[in-house]
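Here is the structure we will look at, set down as structure tokens.
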Amino acid sequence: MRGIVGILMLAAALALATVVAGWWGVPLAAFAWGVMARSGRRAASSAALAGALAWSALLLWQATRGPVGTLASRVAGAMQLPAPALVALTLLFPALLAWGATVIGQALAARLGRGRV
Amino acid sequence: MSPRPRTTGLAVPILALALYAGARPIGPAPALGPFLDPANGVWAVAASAELPRSAAARIPGLGAPVRVVYDDRAVPHIFAASELDVARALGYVVARDRLFQMELQTLAASGRLTEIAGARALPLDREMRELGLPRVAERKLAALDPNSDGMRAARAFAEGVNAWIDGMAPRDLPLEYRLLGRRPVRWEPVNSLHLLNRMGWTLAYSDDERVRLRAQARVGRDAADALFPVVSRIQEPIQPNGQRGPRWDTRPLPPPGAPDTAAILADRQAPIPPDVLGSNNWAVAPARTAAGRALLAGDPHLELTLPSIWYETHLVVPGQLDVYGVTVPGAPFIVIGFNRDVAWTFTNTQSDVVDYYVETVDDPVSPTTYSLDGEWRPLERRVETYRGEGGEVVAVDTVRYTHRGPLRRAGRAGQGAQWLSVRWTLYDPMNESDAFVGAERARTVAEWMRAMEPYSVPAQNMLVADRTGTIAIRSTGHFPIRPGDGRGDVLRDGSTRASDWTGFWPVAEYPQAVNPAQGFLASANQQPVDPAVNPRYIGSNWYPPWRAMRINALLRADYAVTPDAMRRYQTDPGSARADAFAPAFLEAARRHGAATSGANGGAANGGSTDGSMLARAAALLAEWDQRYTKDNERAVLFEYAMGELGSRLWDELRAPAGGRGDDGPEPRPADAITAVLLADSASVWWDDRRTPAVERRDDILAASLVAALERATREHGAPTSGGWRWDRIRHANIYHLLRLPALSALRVPVQGGPSTLAPSSGSGGFGASWRMVVELGPEVRAWGTYPGGQSGNAASSRYTDRLATWAAGELDSLRVPRRAEDLRGGQVRSTLTLSPGR
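Residue numbers (the working numbering), protein chains in the order written: chain A, 7 to 123; chain B, 29 to 866.
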């Protein structure tokens, strides 16, 4: 249960970071998360999931404001992609950013921690 | 526990790759980070797709608050305290819906498409710059009176556009900018001039001289003059000539002459196929309408795009202005529309306002001077730099100018190339904005005609009607006065000023008619004046008069015209061209069959047509009602036969085998010339010189019909299979401005064929761009639609919401409220309050 709550809180943080700082907010926040959770075994995978959740939530929010489905098919068509692929890419992208940034944050924190010891 | 080294080693390149793809465009794909960002990226476009119930904004420079009410068709009705505030608000609302279109059109008109499309757009940009269009716009802006109504409106319009750009939320950035990774640039008043220039290029730039020369190179001058005549062989003029039907000139065509190889000139652009830009307009006097009120129909045909070239709006300044219609996004006025008293619309005049002069230059490769009246004069040089998407230099050209206009090379360097200077009415100072702004306020036809007198280019057949029942038409624009015989369809000697234009026609001499006895006026790009009435040269590039013949026939037969009949006529499936040719095919088949009977389908009269196939084709064609309805299953046979006929008949104009291949596309006389030739069954033109036999008219018609049947069966199956339905073969293809199929409306079934009032031919990329019917009674009533929708946002319900109506040939009833309060409840889609301020 704690794990789920944690992921949801991390997703909320990543969504907030996206709104405030744009897409760069995801790797920055995830990196910070990695530094803080340097010993967490599932920190990176949680971050990846949280990244996808965060952008899913933002997509849903956009869907309440306008025709996201129509937009998806038009934009995907313009990029010669199927619409689901565009949605999948939109969720995969923050997941990769969050996962990679968290791993590196953890590694850096661990290295700095060893240096202090 | 820190991540394993292998995990870290994997994370580094993945993160680096994701960051790179996020920050930088890869190939045609935009940078993924800002693009996919669901808060402010492309997904946010959905939030701006629909108009909010109400909104408010500030526009610097606004004199007083402006109220904008969008009706249920998403038409903004702008209520303002001054005409300048109207222009500011118009700029704001048009930018809100069509910002990318405005910028793209400006880039196209100013030869800067390479900035968004890279080097592949270079040929298009070069065409604009070599014709001097950006230079012309800059010069015109400098020459305009800054205090004129038109200039003040253009500046106010720019303020409105820039207020929108400055106040845009991230969600408001149009999709196209995101796909291209660009930001909008601020709007300048000169952009409005670029747009007018672009319209001039679309409608008034023609190279009749070159088409004629290509024909002359193959069949000699006399034959070329006959095949591409200055005078239309079928006279159904705009200015009524007192006749009750078309007048045919069926004198025999002269035979092909010896090729005039000196006449070959390289062509720079493929000509627009005939009859794809076929606009119509007509007005009916009260005496011939059911309600006793003047009726006017507007039907301009242009390239079909999404979003549409037009934007519909209603501009109101109480006591001063109350005008409704369509504007070109970027223009601060209504182009086609109506007010409470007057309605107006245009078709293109097709006048010859571009001339070429053969110049004598000092250096055939890189000239610096040209000879004029025995003196060498320096060529003005302008360096044109084309920039790419990242601002890099794609190409640098030098465009040279004589006192007439830009200098262009025709032909390949070192192979008899000539340097031609271009003289065009577009190069002269103009003030179209003043003319339109004045016309919007007119209360009568006479006032409207007076307001449009300064209008110069592109020349238009301006049709106007008023509430008192007056109807009038005038071909308005600058028509040059040339020395000598006055013809502009020949190359002129550039070495002397004696070849130069000496002025322009006075307005009183423009082709025109007011309240003609016949009770109606119509134009369809045909020759404006019957040369039997006035032989003065005004042009030669006349569209075949088939559409004019059809609409005149419909109007002559209708003594109680209703608005609904006006609407129906706009997509009438009948065709004067089919009426002329279909019987000829059938008669030829009958005669040919009789001549070959007993010969078991063998050859006769030099023909080699299969008799049973011919009988079958003729039987199928006889089933045709000569109408291009969507469900028609025989129109395709006729059209294929017409295509075969042109190919067989005009073999003399084909490029000779083994030719240099640089003398341009095959010139093809209009169908009207072929129709005239039908009267001369033994003309040598009928002989297909590619065959050993000597063919006559009936042989060619019969062979064309048989070949058409073979082709139709091969491509669409048996005649009864359903594959021959017209709506399976002819479509409108309405491309997005970036030609992205996913943002386009393709294969839209439409009623009409070549030379019907709604002509449909070629790529399907041209068609009725705005259809309007206006009844001028005590209260103006109007109907209209265009293919597309008001919004440029592809996710919006307003992007293509009018397409079905347009394709069905229907019109929407237009709301014309006097006050904002007159629109109520479900009639209001959205409101916008604009206030003065920063």
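All C-beta atoms, glycine included, are put in the ideal place defined by N, C-alpha and C.
{"Asked": "Work out the CA separation of B/Ser-858 and B/Pro-198 for me, nearest whole Å.", "Found": "21 Å"}
{"Asked": "Can you list the beta strand (DSSP E) stretches of 3 or more residues lying completely in the segment 528–573 of chain B, in chain order?", "Found": "540–542, 548–551"}
{"Asked": "With B/Asn-309 as the anchor, note down where its beta strand (DSSP E) starts and where it stops.", "Found": "308–312"}
{"Asked": "Would B/Asp-288 pass as a contact of B/Gly-248 if the rule is Cβ separation under 7 Å?", "Found": "yes"}
{"Asked": "Closest Cβ-Cβ distance between A/Thr-24 and chain B: below 7 Å?", "Found": "yes"}
{"Asked": "Considering only DSSP beta bridges, list what B/Met-179 is partnered with.", "Found": "Note: B/Met-179 sits in no beta bridge, so no partner."}
{"Asked": "With A/Ala-43 and A/Leu-20 assumed to form a contact (beta carbons below 8 Å), what rounded beta-carbon distance in angstroms separates them?", "Found": "The Cβ separation is near 14 Å, so there is no contact."}
{"Asked": "Quick one: what's B/Tyr-429 bridged to in DSSP?", "Found": "B/Glu-408, B/Pro-434"}
{"Asked": "Kindly say whether B/Ala-832, judged by its beta-carbon, lies nearer than 7 Å to any beta-carbon of chain A.", "Found": "no"}
{"Asked": "Are B/Ala-576 and B/Gln-554 closer than 7 Å when you measure CB to CB?", "Found": "yes"}
{"Asked": "For a quick check, are the C-beta atoms of B/Asp-99 and B/Arg-799 less than 7 Å apart?", "Found": "no"}
{"Asked": "So B/Arg-214 and B/Asn-190 are supposed to be a Cβ contact under 8 Å. How far apart are they, rounded?", "Found": "5 Å"}
{"Asked": "Tell me which residue opens and which closes the beta strand (DSSP E) that B/Ala-588 is part of.", "Found": "First-last for B/Ala-588: undefined, no H or E at that position."}
{"Asked": "Go to B/Pro-726, then tell me how far its alpha helix (DSSP H) extends in each direction, as first and last residue.", "Found": "As written in the sequence, residue 726 of chain B is Asp, which differs from the Pro given in the question. First-last of the alpha helix (DSSP H) with B/Asp-726: 725–744."}
{"Asked": "Under a three-way DSSP split, which group does B/Leu-330 fall into?", "Found": "strand"}
{"Asked": "Starting from the Cα of B/Ala-467, find the closest Cα among B/Val-492, B/Val-114, B/Pro-486 and give me that residue.", "Found": "B/Val-492"}
{"Asked": "Please report whether the beta-carbon of B/Val-776 lies at a distance below 7 Å from any beta-carbon of chain A.", "Found": "no"}
{"Asked": "What does the Cβ neighbour count give for B/Ala-39, buried or exposed, with the cut at 16 atoms within 10 Å?", "Found": "buried"}
{"Asked": "Within the continuous alpha helix (DSSP H) that includes A/Met-42, where are the two ends?", "Found": "31–42"}
{"Asked": "State buried or exposed for A/Leu-66, treating a residue as buried only when at least 16 other CB atoms are found within 10 Å of its CB.", "Found": "exposed"}
{"Asked": "Comparing C-alpha positions only, which one of B/Asp-659, B/Thr-719, B/Thr-496 sits nearest to B/His-759?", "Found": "B/Asp-659"}
{"Asked": "Please look up how many angstroms separate the CB atoms of A/Leu-92 and A/Ala-82, rounded, as I've assumed it's under 8 Å.", "Found": "4 Å"}
{"Asked": "Using a beta-carbon distance below 7 Å, is B/Asp-65 in contact with chain A?", "Found": "yes"}
{"Asked": "Would you verify that the beta carbon of A/Trp-29 is, or is not, closer than 7 Å to some beta carbon of chain B?", "Found": "yes"}
{"Asked": "Can you round the beta-carbon distance between B/Leu-224 and B/Thr-134 to whole angstroms, since I take them to be within the 8 Å contact cut?", "Found": "Not really, about 11 Å apart at Cβ, beyond 8 Å."}
{"Asked": "For B/Gly-865, which option in B/Ile-362, B/Glu-187, B/Pro-284 has the closest C-alpha, if you only look at C-alpha atoms?", "Found": "B/Glu-187"}
{"Asked": "Locate the beta strand (DSSP E) running through B/Asn-489, then write down its first and last residues.", "Found": "488–494"}
{"Asked": "In the DSSP assignment, find the beta strand (DSSP E) that holds B/His-342 and state where it starts and stops.", "Found": "339–345"}
{"Asked": "Taking CB distances under 7 Å as the criterion, tell me whether B/Thr-333 reaches chain A.", "Found": "no"}
{"Asked": "Which residues, in chain order, does the segment 40–53 of chain B contribute to contact with chain A at a C-beta distance below 7 Å?", "Found": "Val-40, Ile-42, Leu-43, Ala-46, Leu-47, Gly-50"}
{"Asked": "Quick check: what's the CA-CA separation for B/Leu-172 versus B/Arg-124?", "Found": "28 Å"}
{"Asked": "Would you mind reading off the limits of the alpha helix (DSSP H) that contains B/Met-156?", "Found": "150–158"}
{"Asked": "What number of angstroms, rounded off, separates the C-alpha of B/Leu-161 from the C-alpha of B/Ala-137?", "Found": "7 Å"}
{"Asked": "If you draw a straight line from the alpha carbon of A/Ser-52 to that of A/Ala-17, how long is it in whole angstroms?", "Found": "9 Å"}
{"Asked": "Using a Cβ cut-off of 9 Å, pull out every chain B residue sitting near A/Trp-39, in sequence order please.", "Found": "Simply none; closest approach about 13 Å."}
{"Asked": "Whole angstroms are fine: how far does the CA of B/Trp-338 sit from the CA of B/Pro-104?", "Found": "13 Å"}
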